[in-house]
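Visitor:
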Amino acid sequence: MICVLPGQSSAQTYHPLPDSNAVWIVAYGDSDCALANVPNSIMYYSFIGDTLIAGQVYSEVWRERVVNGCNFIGSGYAGAIRNDTIAKQVMLVPPDSTNEQLLFDFSAEVGDTIHAYRGGSLIETQVVATIDSVLILGSYRRQWNLINDLGEEEHIIEGVGSTTGFVERINYVDSETYLNCLSVDSAALYEDQPGSCSIHYGLEELPTNARLNLYPNPATGSITIRTEPGMDKSDLHVLDLSGRLVLSLTLRGTEQKIDVSNLSPGMYAVDLRANGIPLALGELIIE
Numbered sequence: 017m018i019c020v021l022p023g024q025s026s027a028q029t030y031h032p033l034p035d036s037n038a039v040w041i042v043a044y045g046d047s048d049c050a051l052a053n054v055p056n057s058i059m060y061y062s063f064i065g066d067t068l069i070a071g072q073v074y075s076e077v078w079r080e081r082v083v084n085g086c087n088f089i090g091s092g093y094a095g096a097i098r099n100d101t102i103a104k105q106v107m108l109v110p111p112d113s114t115n116e117q118l119l120f121d122f123s124a125e126v127g128d129t130i131h132a133y134r135g136g137s138l139i140e141t142q143v144v145a146t147i148d149s150v151l152i153l154g155s156y157r158r159q160w161n162l163i164n165d166l167g168e169e170e171h172i173i174e175g176v177g178s179t180t181g182f183v184e185r186i187n188y189v190d191s192e193t194y195l196n197c198l199s200v201d202s203a204a205l206y207e208d209q210p211g212s213c214s215i216h217y218g219l220e221e222l223p224t225n226a227r228l229n230l231y232p233n234p235a236t237g238s239i240t241i242r243t244e245p246g247m248d249k250s251d252l253h254v255l256d257l258s259g260r261l262v263l264s265l266t267l268r269g270t271e272q273k274i275d276v277s278n279l280s281p282g283m284y285a286v287d288l289r290a291n292g293i294p295l296a297l298g299e300l301i302i303e
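The sequence shown runs contiguously to residue 303 in the working numbering.
#1: Apart from the five residues just before and just after residue 114, which ones in its own chain have a Cβ nearer than 8 Å to its Cβ?
#2: Ignoring anything shorter than 4 residues or poking outside the stretch 87-136, list the alpha helix (DSSP H) runs there in chain order.
#3: Go through the stretch 137-180 residue by residue and report every complete run of the beta strand (DSSP E) that reaches 3 residues or more, in order.
#4: Does DSSP classify residue 208 as helix, strand or coil?
#5: Starting from residue 251, trace the beta strand (DSSP E) in both directions and tell me its first and last residue.
#6: Got a sec, what are the start and stop residues for the alpha helix (DSSP H) residue 263 sits in?
#7: For residue 298, which residues does DSSP report across the bridge?
#8: Measuring only the C-alpha atoms, how far is residue 221 from residue 215?
#9: Would residue 200 and residue 99 be called neighbours here (beta carbons separated by less than 8 Å)?
#10: For residue 143 versus residue 167, is the C-beta distance shorter than 8 Å?
#11: In angstroms with no decimal places, state the Cα-to-Cα distance between residue 251 and residue 44.
#12: Within 10 angstroms of the Cβ of residue 77, are there 16 or more other Cβ atoms? Answer buried if so, exposed if not.
#13: How is residue 279 classed by DSSP in three states: helix, strand or coil?
#14: One question on the structure: do residue 57 and residue 85 come within less than 8 Å of each other, judged by their Cβ atoms?
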């Protein structure tokens, strides 16, 4: 249940953005797709581990496209986020960059100007029009109502992010992304409509003990992949931070040694799936 109450924003506990065990379900659609009966695209944003950038610890975000519908962006590394709980801001290092960008500002006041990252190379200038309070699971969170110089609106909620999406966010006249659901530890925290977090978009329920183990990590010449029983004969994809597929194979058995000597030094995402259904995500570092 979400309830918006104007003018109830003082003396509240600050709720930082989740940085582990969280999934944002984001939809994208536009009017042309609707007219052509093309469904919305659905993306899952989740964390695949931590990394160290310029001496700061960040949580790495992976974007998985689970419904191929209206054209948007595909699966891939979405960047690394850091909660600055003192400044009450969320910072993001985009893919292929080492420079921080402001993602969400939970300290702004009415009339403040914000320059926030919205995906790709887009930094949008917005002004805080009003601030409300939102009742989420029995406690109040602040909601900032932002507007840009074209009159387009965005709403960000403390501890949730943007109702327009997560990392990549679009809010044009005929095209938009929007947040369907945010779940933390598999429990719904935010839903745009009651029951949104219960929609699985054709994905099967996965056992909570499903694990993808790979070692050594960091690695040089080869790695060993170990999976849970029932996850053998699944497809393993290794992608670089731009989302480019660099290695693909079908696992045979619950333990398999794989040659990675042709991979350049750096960090990679490992995506394990069966019949197109995501089973596990992990990260691999090549030295």
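Virtual Cβ for every residue (Gly too), placed ideally from N, Cα, C.
Guide: Looking at the coordinates:
#1: The residues 69 and 70, in chain order, have a CB closer than 8 Å to that of residue 114 in the same chain once the five nearest residues on each side in sequence are set aside.
#2: If only complete runs of 4 or more residues are kept, the stretch 87-136 shows no alpha helix (DSSP H) anywhere.
#3: Complete beta strand (DSSP E) runs here, min 3: 139-152, 155-164 and 169-173.
#4: Here residue 208 sits in coil by DSSP.
#5: If you look at residue 251, you'll find it in the beta strand (DSSP E) that goes 251-255.
#6: Per DSSP, residue 263 lies in no alpha helix (DSSP H); the unbroken beta strand (DSSP E) holding it starts and ends at 261-266.
#7: DSSP lists 286 as partners of residue 298.
#8: Unreliable placement is indicated for residue 221, whose pLDDT of 40 sits below 50; no coordinate value is reported for it.
#9: Against a cut-off of 8 Å, the Cβ pair of residue 99 and residue 200 comes out as no contact.
#10: Result no, Cβ atoms of residue 143 and residue 167 do not sit closer than 8 Å.
#11: Going from the Cα of residue 251 to the Cα of residue 44 covers about 27 Å.
#12: Residue environment: residue 77 is assigned as buried (16 or more neighbouring CB atoms within 10 Å of its CB, all protein chains considered).
#13: In the displayed model, residue 279 falls within coil according to three-state DSSP, outside both helix and strand.
#14: Going by beta carbons, residue 57 and residue 85 fall inside the 8 Å limit.
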